[in-house]
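**Student:**
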Amino acid sequence: MDLIISLAIGGLAGWLASMIMKSKGGLLLYIILGVVGGAVGGFVLGLVGVSFFGLVGTIIRAVAGSCILIAVARLITK
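Count along the sequence shown from 1, then add 50; that gives the number in this note's numbering.
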């Protein structure tokens with residue numbers, strides 16, 4: 051059950067990040083982006099001393115990390 055919830059949160063976070071960064075992709079890309087973005091967001095926000103709790107905090111962290119991943123991918127591909 052936790053896996054399904056993680057994938058759903060990852061999909062939502064990846065979709066939100068793609069809307070913020072005006073990027074396109076499919077459901078699988080959104081899920082991967084959101085799950086990996088959650089880890090990146092947790093690491094980066096942890097470095098600056100910011101922590102979030104609960105469902106909303108998890109989504110915020112994953113969206114922030116996903117936006118970072120999209121920005122880095124754009125820098126690499128240009």
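We put the beta carbon where it would ideally sit given N, CA and C, even for glycine.
All of these numbers come straight from a predicted model, not from anything done at the bench.
#1: Is the beta carbon of ALA67 less than 8 Å from the beta carbon of GLY92?
#2: Output the distance between the C-alpha atoms of ILE54 and GLY84, rounded to the nearest integer angstrom.
#3: Quick check on the burial criterion: 16 or more other C-beta atoms within 10 angstroms. Buried or exposed for ALA58?
#4: How many Å lie between ILE118 and ASP52 at the Cα?
**Tutor:** Taking the coordinates as given:
#1: Indexing the sequence shown from 1 puts residue 67 at position 17. Indexing the sequence shown from 1 puts residue 92 at position 42. The answer is no: Cβ separation not under 8 Å.
#2: Residue numbering aside, residue 54 sits at position 4 when the sequence shown is read from its first letter. Residue numbering aside, residue 84 sits at position 34 when the sequence shown is read from its first letter. Cα to Cα, the separation comes out at about 13 Å.
#3: For the purposes of this step, residue 58 is taken as residue 8 along the sequence shown, with counting starting at 1. Exposed.
#4: Residue 118 sits at position 68 when you count from the first residue of the sequence shown. Residue 52 sits at position 2 when you count from the first residue of the sequence shown. The straight-line gap from Cα to Cα measures roughly 25 Å.
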